[in-house]
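J.: I'd like to ask some things about the structure below.
Number of protein chains: 2
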Amino acid sequence: MCLGAYELGRLLSRAPGGAGSLLIRGGLVVTMNPRREIMSADIYVEDGRIAEIPSRHTAADLVIDATGQLVLPGLIQTHVHLCQTLFRGSADDLDVVEWLRQRIWPLEQVHDFTSVYDSARLGIVELLRGGTTTALTIETVRHTEAVFMALAETGLRAVTGKAMMDRLEVATEMIGETTEESLRESLALAKEYHQSSGGRLGYAFCPRGPRNCTEELWDSVIAAAMELGTIVHTHAAENFLQSQRLKTDGGTDIRYLHGLGATAGRLVVAHAVWVDEEEIALLADSGTAVAHCPSANMKLASGFAPVPEMRDRGVIVGLGADGAPCNNTLDAFHEMRMAALIHKPRLGAQVMSAQEVLEMATIDGARSLGLELEIGSLEAGKRADIILLNREGSHLWPQSNVDPIVQVVYQHRASDVSTVLVDGRVLLADGELTELDADEIHARAEESARRVFARVAASGALR
Amino acid sequence: MCLGAYELGRLLSRAPGGAGSLLIRGGLVVTMNPRREIMSADIYVEDGRIAEIPSRHTAADLVIDATGQLVLPGLIQTHVHLCQTLFRGSADDLDVVEWLRQRIWPLEQVHDFTSVYDSARLGIVELLRGGTTTALTIETVRHTEAVFMALAETGLRAVTGKAMMDRLEVATEMIGETTEESLRESLALAKEYHQSSGGRLGYAFCPRGPRNCTEELWDSVIAAAMELGTIVHTHAAENFLQSQRLKTDGGTDIRYLHGLGATAGRLVVAHAVWVDEEEIALLADSGTAVAHCPSANMKLASGFAPVPEMRDRGVIVGLGADGAPCNNTLDAFHEMRMAALIHKPRLGAQVMSAQEVLEMATIDGARSLGLELEIGSLEAGKRADIILLNREGSHLWPQSNVDPIVQVVYQHRASDVSTVLVDGRVLLADGELTELDADEIHARAEESARRVFARVAASGALR
Numbered sequence: 521m522c523l524g525a526y527e528l529g530r531l532l533s534r535a536p537g538g539a540g541s542l543l544i545r546g547g548l549v550v551t552m553n554p555r556r557e558i559m560s561a562d563i564y565v566e567d568g569r570i571a572e573i574p575s576r577h578t579a580a581d582l583v584i585d586a587t588g589q590l591v592l593p594g595l596i597q598t599h600v601h602l603c604q605t606l607f608r609g610s611a612d613d614l615d616v617v618e619w620l621r622q623r624i625w626p627l628e629q630v631h632d633f634t635s636v637y638d639s640a641r642l643g644i645v646e647l648l649r650g651g652t653t654t655a656l657t658i659e660t661v662r663h664t665e666a667v668f669m670a671l672a673e674t675g676l677r678a679v680t681g682k683a684m685m686d687r688l689e690v691a692t693e694m695i696g697e698t699t700e701e702s703l704r705e706s707l708a709l710a711k712e713y714h715q716s717s718g719g720r721l722g723y724a725f726c727p728r729g730p731r732n733c734t735e736e737l738w739d740s741v742i743a744a745a746m747e748l749g750t751i752v753h754t755h756a757a758e759n760f761l762q763s764q765r766l767k768t769d770g771g772t773d774i775r776y777l778h779g780l781g782a783t784a785g786r787l788v789v790a791h792a793v794w795v796d797e798e799e800i801a802l803l804a805d806s807g808t809a810v811a812h813c814p815s816a817n818m819k820l821a822s823g824f825a826p827v828p829e830m831r832d833r834g835v836i837v838g839l840g841a842d843g844a845p846c847n848n849t850l851d852a853f854h855e856m857r858m859a860a861l862i863h864k865p866r867l868g869a870q871v872m873s874a875q876e877v878l879e880m881a882t883i884d885g886a887r888s889l890g891l892e893l894e895i896g897s898l899e900a901g902k903r904a905d906i907i908l909l910n911r912e913g914s915h916l917w918p919q920s921n922v923d924p925i926v927q928v929v930y931q932h933r934a935s936d937v938s939t940v941l942v943d944g945r946v947l948l949a950d951g952e953l954t955e956l957d958a959d960e961i962h963a964r965a966e967e968s969a970r971r972v973f974a975r976v977a978a979s980g981a982l983r
Numbered sequence: 521m522c523l524g525a526y527e528l529g530r531l532l533s534r535a536p537g538g539a540g541s542l543l544i545r546g547g548l549v550v551t552m553n554p555r556r557e558i559m560s561a562d563i564y565v566e567d568g569r570i571a572e573i574p575s576r577h578t579a580a581d582l583v584i585d586a587t588g589q590l591v592l593p594g595l596i597q598t599h600v601h602l603c604q605t606l607f608r609g610s611a612d613d614l615d616v617v618e619w620l621r622q623r624i625w626p627l628e629q630v631h632d633f634t635s636v637y638d639s640a641r642l643g644i645v646e647l648l649r650g651g652t653t654t655a656l657t658i659e660t661v662r663h664t665e666a667v668f669m670a671l672a673e674t675g676l677r678a679v680t681g682k683a684m685m686d687r688l689e690v691a692t693e694m695i696g697e698t699t700e701e702s703l704r705e706s707l708a709l710a711k712e713y714h715q716s717s718g719g720r721l722g723y724a725f726c727p728r729g730p731r732n733c734t735e736e737l738w739d740s741v742i743a744a745a746m747e748l749g750t751i752v753h754t755h756a757a758e759n760f761l762q763s764q765r766l767k768t769d770g771g772t773d774i775r776y777l778h779g780l781g782a783t784a785g786r787l788v789v790a791h792a793v794w795v796d797e798e799e800i801a802l803l804a805d806s807g808t809a810v811a812h813c814p815s816a817n818m819k820l821a822s823g824f825a826p827v828p829e830m831r832d833r834g835v836i837v838g839l840g841a842d843g844a845p846c847n848n849t850l851d852a853f854h855e856m857r858m859a860a861l862i863h864k865p866r867l868g869a870q871v872m873s874a875q876e877v878l879e880m881a882t883i884d885g886a887r888s889l890g891l892e893l894e895i896g897s898l899e900a901g902k903r904a905d906i907i908l909l910n911r912e913g914s915h916l917w918p919q920s921n922v923d924p925i926v927q928v929v930y931q932h933r934a935s936d937v938s939t940v941l942v943d944g945r946v947l948l949a950d951g952e953l954t955e956l957d958a959d960e961i962h963a964r965a966e967e968s969a970r971r972v973f974a975r976v977a978a979s980g981a982l983r
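Residue numbers (this note's numbering), protein chains in the order written: chain A, 521 to 983; chain B, 521 to 983.
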């Protein structure tokens, strides 16, 4: 049966996890496999996994026509805050310290279950429509069940956790919690949601930053993460002044985390802007992954992370949009283009080739999450997280003799994403969401945003 | 009569210059007028010019429904090479010196009339679809008539000129010309095309750079530009090594141009990355405009231009994508986002606000071209160069209490552009070109690209 992609999506999406067989026919496939092959090939998917590529199958339960399109592994973002999507456009022109103090803490503090849910759904539809199929996210201190609910319903792959903040200071006390509460709630969430939705959702412990948690909490988190086999996801070395303050307080961020034993497990640190050579070696040797967030690092005036140096030394570096209020999008194409461009003035035009950047957004994102055997490339046996890019736009010509990876990184934009599969489930087809109603999600997000802003205005906390 | 925007476009476009009356109804208008007003207002257009805003007219020959959309002045780019669009994706990971020597000189040298025409048309459709209504461009040494032909046919507003290169060196000799030829051809083009197409097209003399022309040619160009009242458009202070070399050769770029008398007329210099405080003062005091090309400056590893410092000192700074091979798009939204982000790490999160960046892409672009009484804002009496942005995408929510200018600069993308008018002529409606066949333009560009690349391969010049 060969249907139009949209009808196909509606049909397929009735079978969660993409049961049945599916053929993606006629596309130019950027595999990101170990040989980085690019081939005109069909992909045969069975029960949510890639069964054969190139495939000799000529039929399947459903066929997607990818003629004239690029076929890529779904993009992976390793640092996102879904709960912040509602605050987009309401926190501009502030450095990270003021941005947190004047906007993010007061706003996160007045979130309710519904507003977190609506915020997550808005972020998720933006991610899916822009070709991101997997996100590692940190949510706020409360209501993280709402995010898991949104994730379970929508089909995005994610590793998520609640922010942990038990070290109360002037700025953070409004959103903080006790050590015991923080740990209890995190463990309950991990128990409920780790490896849920058929393995599509995972839990990550998220101490918000080295300075936002007590050592006692860090110790417990590290032990729990080891025991449960989960990621620990935190912020580190984002801002120059922050990183200087920590120097008087037990060493720089990375050394401090290493001293705690956090680097012994599977650790993902967002930013790593202010790291020296020794810290880069620590990150590399411990297998700690860095989430590079170029737009957010610039918008919050944090700086330029030494990504080429980190990659050269063997650090696993993924890409992330961070939260909507410091970006202001959740667009992996923006982050790829930024990552490719911003390091060249300092180190030369050869650094951060398109190939390297696409590795960060795919297979290195997967490695960051310990999911490199499951996602991050198009290979037989892997989960069918696949995106198709339309190549019709004027910004994509000429096409002969042009490296499609150069096109993906420098030229393509989120609006070129035509089709998105997660676990073989068609979530976007011909540019249309198959299961979700974007208009309804936008309207509910708007309503929740109004409620949250009214509440924060009444509280007087927003300056 | 109220038609769907697409039918309307087809209808209106039959009257070049947008004869008749037109009402843009129900949009949120970002005027960029001197008070920077943003208003829910209708715009009444008559014979290609804005007649009334806000307008009390309720009818017109044609009505465009802008409900739910942002209405903005058409975006202006002050540094573009239309003739290079065919080379997109074929010149990556090179600094500007090698990029010119290994790619651009050999490729421009083998251009023929048709390939220049096809390259320009490809660039023009990308610009129009992305909301750019005016471009200041430098073309190659030969076949600039082909660019004017493409511009005349397509409806983009442009100030264009042939590159002048009479100082032959090892790298540039393949593309160079004699002083006399250069001047003769430039004058002939100026005579033919300056103020043509009802004033929509203008001529600019384009000595390619301080070092690409003899002083004799510079002297003649400056005199001719003064006499004809045209712009002089050149590159300056782009690359550190280039700028150092010039130090042994008559001062830095800006001082050299000033010494020649070039700053006495209407001068636009692209890049100005390597300028010191004294040169910034020279630029400001002489009314010289700078075209800031953030993506190109990063991709070619040129550096970060001191744009906030230049603007503080009163330099007029516009924005440009430069050529497709060093970007790789001609997307004003990319350049706005880049300009807003890249200067913050050095100078703080407050610099380059969205408001300032949109000024660069609109009214300051107009001032760069001496066209600030004609374009660059939505005010009665100005030409009806107007764009509409769709606000439906997930990346544009929430919308209440969000500054639409923040949305334009940080969130909107080229694909949100729904409608484009130049001189009141509807060139894009509901995202579709009304007069041009994009598929045909892409196919012809592809054909010309193949021919040019075959020719350059045969010549052995491309490494």
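The beta-carbon is built from N, C-alpha and C at its ideal position, and this holds for glycine as well.
I'd like to know whether the C-beta of A:Met818 is nearer than 8 angstroms to at least one C-beta of chain B.
T.: yes
J.: Answer with yes or no whether the minimum CB distance from B:Ala881 to chain A is below 8 angstroms.
T.: no
J.: What is the rounded straight-line gap between the Cα of A:Cys522 and the Cα of A:Met694?
T.: The predicted model places A:Cys522 with a pLDDT of 42, which falls under 50 and marks its position as unreliable; any figure quoted below should be read in that light. For the pair A:Cys522 and A:Met694, the Cα-to-Cα distance works out to about 56 angstroms.
J.: What are the boundary residues of the beta strand (DSSP E) that B:Met559 is part of?
T.: 558 to 566
J.: Where do the N-terminal and C-terminal ends of the alpha helix (DSSP H) with B:Gln919 fall, by residue?
T.: Neither: B:Gln919 is in no alpha helix (DSSP H) and is coded neither H nor E.
J.: Could you spell out where the alpha helix (DSSP H) holding A:Leu802 opens and where it closes?
T.: 797 to 806
J.: If we ignore side chains and look at the alpha-carbon of each, how far apart do A:Glu912 and A:Thr664 end up?
T.: Going by C-alpha positions, A:Glu912 is about 40 angstroms away from A:Thr664.
J.: In this structure, does DSSP put B:Asn910 in helix, strand or coil?
T.: strand
J.: In the DSSP assignment, the beta strand (DSSP E) including B:Arg945 goes from what residue to what residue?
T.: It spans 945 to 949 - the beta strand (DSSP E) in which B:Arg945 sits, taken as one unbroken run.
J.: Under 8 angstroms between C-beta atoms, does B:Tyr930 make it to chain A?
T.: At least one beta carbon of chain A lies nearer than 8 angstroms to the beta carbon of B:Tyr930.
J.: Taking 8 angstroms as the CB-CB limit, is A:Phe970 close to chain B?
T.: A quick correction: the sequence has Arg, not Phe, at residue 970 of chain A. True, the Cβ-Cβ gap to chain B drops below 8 angstroms.
J.: Tell me the residue span of the alpha helix (DSSP H) that contains B:His791.
T.: Taken as a continuous stretch (DSSP letters only), B:His791 belongs to no alpha helix (DSSP H), being part of the beta strand (DSSP E) at 787 to 791.
J.: If we count the other Cβ atoms within 10 Å of its Cβ and call it buried at 16 or more, is A:Leu893 buried or exposed?
T.: exposed
J.: If we define contact as Cβ-Cβ less than 8 angstroms, is B:Thr587 a contact residue for chain A?
T.: no
J.: Which same chain residues, not among the five before or five after B:His778, have their C-beta less than 6 angstroms away from its C-beta?
T.: The residues are Leu802.
J.: If I measure Cβ to Cβ from B:Gly529 and keep anything under 6 angstroms in the same chain, skipping five residues before and after, which residues do I get?
T.: A caution first: B:Gly529 carries a pLDDT of 46, below 50, which makes its placement in the model unreliable, though a value can still be read off. Cβ neighbours of B:Gly529 within its own chain (closer than 6 angstroms, five residues either side excluded): Val946, Ala949, Thr954.
J.: Assess contact between the segment 918 to 932 of chain A and the segment 857 to 877 of chain A, defined as three or more Cβ pairs (one per stretch) separated by less than 8 angstroms. Is contact present?
T.: yes
J.: What do you reckon, are the CB atoms on A:Leu582 and A:Leu542 nearer than 8 angstroms?
T.: The Cβ atoms of A:Leu582 and A:Leu542 lie closer than 8 angstroms to each other.
J.: Does DSSP put B:Val661 in a helix, in a strand, or in coil?
T.: coil
J.: Taking a contact to mean a Cβ-Cβ separation below 8 angstroms, would you say B:Leu748 touches B:His714 in this structure?
T.: yes
J.: Output yes or no for whether 8 angstroms exceeds the beta carbon distance between A:Arg608 and A:Pro845.
T.: yes
J.: How many angstroms separate the CA atom of B:Ile906 from the CA atom of B:Leu820?
T.: Each residue's alpha carbon lies about 32 angstroms from the other.
J.: B:Arg576: buried (16+ other C-beta within 10 angstroms of its C-beta) or exposed?
T.: exposed
J.: I think A:Ile742 touches A:Gly681, with their Cβ atoms under 8 angstroms apart; what is that distance to the nearest whole Å?
T.: The pair is not a contact, with the Cβ atoms about 14 angstroms apart (cut-off 8 angstroms).
J.: Please give me, in chain order, every unbroken run of the beta strand (DSSP E) with length at least 3 that falls completely inside the segment 563 to 628 of chain A.
T.: 569 to 572, 582 to 585, 589 to 593, 595 to 600
J.: Helix, strand or coil for A:Leu642 per DSSP?
T.: Here A:Leu642 sits in helix by DSSP.
J.: Would a check of beta-carbon distances place B:Asp615 closer than 8 angstroms to chain A?
T.: yes
J.: Cβ closer than 7 angstroms: which chain A residues qualify as neighbours of B:Trp917?
T.: Near B:Trp917 (Cβ distances below 7 angstroms), the residues of chain A are Leu642, His962, Ala965, Glu966.
J.: Is A:Ile862 close to chain B, meaning its C-beta is less than 8 angstroms from at least one C-beta of that chain?
T.: yes
J.: State the CB to CB distance for the pair B:Ser986 and B:Ser635, rounded to an integer number of angstroms; the pair is presumed to be in contact (CB under 8 angstroms).
T.: Residue 986 of chain B lies beyond the stretch modelled for chain B, which goes from 521 to 983, so this question has no answer here.
J.: For chain B, find out if any of its Cβ atoms is closer than 8 angstroms to the Cβ of A:Gln488; answer yes or no.
T.: Since the first residue shown for chain A is 521 and the last is 983, residue 488 of chain A is missing from the structure and cannot be characterised.
J.: Does DSSP put A:Thr783 in a helix, a strand or coil?
T.: helix
J.: Given this structure, state the Cα-to-Cα distance separating B:His812 from B:Gln597, to the nearest angstrom.
T.: 9 angstroms
J.: Beta-carbon separation of A:Ile570 and A:Ala900 under 8 angstroms?
T.: yes
J.: Determine the contact status of B:Pro828 and B:His863, defining contact as a CB-CB distance below 8 angstroms.
T.: Yes, Cβ-Cβ distance for B:Pro828 and B:His863 is below 8 angstroms.
J.: In angstroms with no decimal places, state the Cα-to-Cα distance between A:Ala580 and A:Asp567.
T.: 12 angstroms
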